[in-house]
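> Before we start, here is the structure in question, set down as structure tokens.
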Ligand code: 4AD
Ligand code: MG
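Residue numbers (UniProt numbering): 3 to 479.
This is the structure in structure tokens:
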């Protein structure tokens, strides 16, 4: 007999044939019906056990979580809730699961509880659906860039440079903690960290991606990045994945077009290819919404929200316009939006971003031309001398999902900026070289992968969309 995935079996093409399926028991009821899942789909296949001819010793081992192999005939099911089932002829327990100690019971567990069981939570419907959507998004991301003439580059994970200049880096050290090398002044000499250099885990592959864009033309990275920020929010991880395209001869307008087109493509891809999982996640969300007061319930379902993003232009608004909108908006009585009055030059807080996206424009927003003072050193200075060609994309329910910019391609302007910000020029010699040899206008952006997965799945905590979240509390696995 042939072994099939449950996804294949549920298509029914092997109807009336003898088939084998392997998976983990979700439930076993009336000593007769096994709901079996193998991760290939959100749906289980019902396996009907011939309990009269199955020894009691085997029936006892059919517990939630056990791994089994069943062989039998695939038939149309008379029961409600499924089209097909397997009439089991032969059943083998491959791995037992002690029902007394197996943490994933056939009931609803809280996401908090499951976070502590990160090694087993993928056996629940919610997490398996999220992780399949995550995988599909990864594929769509590569597909988008590959189809559009971009080359995939791998930038270093261990690096000497702080791309964002925010000092939020994890040090990578080979020093003997008990007996570290010292400087002449007697402090630890971190310059000996890694073959004579101070090194860290990368916060962004951008600077290295720029070097490749200035030779391959259009490139993208897709890799892990690290931020040693001690922020315990539902939007921040210490280890997250970032997608960073970088394109030569492209200005900020082109960058906005690219980002919008790219996001729409990958969301369109999952609407088409993850229908079952999205339907499950949508219903999960509807259930959750029921516990909220009417006024706080979302007006759109998960897929309606995704379609809304696909069908509407992102609103392009300059930072200065955004400040004007915030200043002239009436402070909301509810706590959420009470600090709307902002002065030009201030960094926007998430409540301001949410006001713009969720209340004012009711659509994704691309904010551009930020004050130079609140942005990174590499962004191109505008003619006004005050603002830089930066852009952030803000999403409903998420806030910032993309950060990007046109890069400063003029050596003299960049050098001045580097000096002004107190950045060590010698560390950046290779980056400055790009401005000496064939410099050109170029731009790029970074998309936080987990924030995209959050939006696509309707999950609310970033810890629930990455297999093993790294946060200040959560580094056990
Ligand atoms: O805005 P950021 O810091 O931009 C950069 O790193 C640029 N070098 C990107 C570029 O132009 N190539 O980060 C980019 C995105 C953010 O918009 C956000 O979606 C995500 O990365 N991000 C995080 N996601 C999860 N946890 C964190 N701690 C994050 N920090 C940033
Ligand atoms: Mg940012």
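Glycine included, C-beta positions come from ideal geometry on N, C-alpha and C.
(1) For residue 250, which residues from the same chain have a beta carbon less than 7 Å from its beta carbon, with the 5 sequence-adjacent residues on both sides left out?
(2) By Cβ distance, which residues of its chain are closer than 8 Å to residue 91, with the 5 residues on each side in sequence left out?
(3) With distances taken from CA atoms, which of 205, 192, 93 is nearest residue 225?
(4) When DSSP labels each residue in this structure, what does residue 4 get in the three-state scheme?
(5) Pick out the complete alpha helix (DSSP H) segments inside the stretch 357 to 429, 4 residues or longer, and give them in chain order.
(6) Please classify residue 3: is it buried, with 16 or more other beta-carbons within 10 angstroms of its beta-carbon, or exposed?
(7) What distance in whole Å lies between the Cβ atoms of residue 192 and residue 268, which are believed to be in contact at a cut-off of 8 Å?
(8) Can you confirm whether the stretch 351 to 371 touches the stretch 394 to 411 when touching is taken to mean that 3 or more C-beta pairs between the two stretches lie within less than 8 Å?
(9) Determine contact between the stretch 375 to 387 and the stretch 418 to 437, defined as no fewer than three beta-carbon pairs at a distance below 8 Å.
(10) At the level of alpha carbons, what is the spacing between residue 234 and residue 81?
(11) Per the DSSP calculation, residue 503 is bridged to which residue(s)?
(12) Can you tell me the Cα-Cα spacing of residue 239 and residue 329, whole angstroms?
(13) Taking only the alpha-carbon atoms, compute the straight-line gap between residue 453 and residue 385 and give it to the nearest angstrom.
(14) Pick out the complete alpha helix (DSSP H) segments inside the stretch 202 to 254, 4 residues or longer, and give them in chain order.
(15) In three-state DSSP terms, what is residue 173?
(16) Measure the C-alpha to C-alpha separation of residue 118 and residue 203 and round it to an integer number of angstroms.
(17) Taking 6 Å as the cut-off, is the beta-carbon of residue 69 closer than that to any non-hydrogen atom of the ligand GTP?
(18) Taking the alpha helix (DSSP H) that residue 431 belongs to, which residues open and close that run?
(19) Near residue 465, what residues of its chain come up, given a Cβ to Cβ distance below 7 Å and the 5 sequence neighbours on each side ignored?
(20) At 3 residues or longer, what runs of the beta strand (DSSP E) sit wholly inside the stretch 61 to 118?
(21) Between 50, 130, 97, 185, which lies nearest to residue 69 when the distance is taken from Cα to Cα?
(22) Based on the DSSP secondary-structure assignment, which residues constitute the bridge partners of residue 445?
(23) Is the closest heavy atom of the ligand MG to the C-beta of residue 169 under 6 Å?
(24) Run through DSSP, which three-state label would residue 152 get?
(25) Out of 463, 394, 264, state which residue places its alpha-carbon closest to the alpha-carbon of residue 141.
(26) For residue 128 and residue 65, what's the separation of their Cα atoms in angstroms?
(27) Return the chain-ordered list of same chain residues with a C-beta closer than 6 Å to the C-beta of residue 407, the five sequence neighbours on each side being excluded.
By the coordinates alone:
(1) The sequence position of residue 250 within the chain shown is 248, counting from 1. Here the set comprises 215, 216, 219, 442, 444.
(2) Locating residue 91 in the chain shown gives position 89, counting from the first residue. Closer than 8 Å at the Cβ level, and outside the excluded window around residue 91, lie 20, 52, 73, 74, 75.
(3) Within the chain shown, numbered from 1, the residue matching residue 225 stands at position 223. The option with the nearest alpha carbon to residue 225 is 205.
(4) To locate residue 4, count along the chain shown from 1; it is residue 2. Residue 4 falls in the strand class under three-state DSSP.
(5) 413 to 422
(6) Counted from its first residue, the chain shown places residue 3 at position 1. By the 10 Å Cβ count, residue 3 comes out exposed.
(7) Translated into the one-based positions of the chain shown, residue 268 becomes position 266. Translated into the one-based positions of the chain shown, residue 192 becomes position 190. Not quite, the Cβ-Cβ distance comes to about 40 Å (not below 8 Å), so this is no contact.
(8) yes
(9) yes
(10) Your numbering for residue 234 matches position 232 in the chain shown. Your numbering for residue 81 matches position 79 in the chain shown. Roughly 47 Å separates the two Cα atoms.
(11) Because the chain here runs from 3 to 479, residue 503 falls outside it and cannot be looked at.
(12) The sequence position of residue 239 within the chain shown is 237, counting from 1. The sequence position of residue 329 within the chain shown is 327, counting from 1. About 32 Å.
(13) In the chain shown, the residue the question calls residue 453 occupies position 451. In the chain shown, the residue the question calls residue 385 occupies position 383. The alpha-carbon atoms of residue 453 and residue 385 are separated by roughly 33 Å.
(14) 208 to 218
(15) By 1-based counting over the chain shown, the position of residue 173 is 171. Residue 173: strand per DSSP, three-state reduction.
(16) Here residue 118 corresponds to residue number 116 of the chain shown, with the count starting at 1. Here residue 203 corresponds to residue number 201 of the chain shown, with the count starting at 1. Roughly 26 Å between the two C-alpha positions.
(17) The model on display carries the ligand 4AD and the ligand MG but not the ligand GTP.
(18) For the purposes of this step, residue 431 is taken as the residue at position 429 of the chain shown. It spans 431 to 438 - the alpha helix (DSSP H) in which residue 431 sits, taken as one unbroken run.
(19) In the chain shown, the residue the question calls residue 465 occupies position 463. 117, 471, 473, 476, listed in sequence order.
(20) 69 to 78, 86 to 97
(21) Taking the chain shown and counting its residues from 1, one reaches residue 69 at position 67. Comparing Cα positions, the closest option is 97.
(22) Sequence index remark: in the chain shown, residue 445 carries index 443 (1-based). Answer is 249, 408.
(23) Start at 1 with the first residue of the chain shown, and residue 169 comes out as number 167. Not under cutoff, so the answer is no.
(24) The count along the chain shown starts at 1 and reaches residue 152 at position 150. Reduced to three states, the DSSP call for residue 152 is coil.
(25) Sequence index remark: in the chain shown, residue 141 carries index 139 (1-based). Of the candidates 463, 394, 264, the one whose C-alpha sits nearest the C-alpha of residue 141 is 264.
(26) By 1-based counting over the chain shown, the position of residue 128 is 126. By 1-based counting over the chain shown, the position of residue 65 is 63. Near 21 Å, if we compare the C-alpha coordinates of residue 65 and residue 128.
(27) As a first step, residue 407 is located in the chain shown; it is residue number 405 there, counting from the start. Excluding residues within five positions, the ones whose Cβ falls inside 6 Å are 381, 391, 392.
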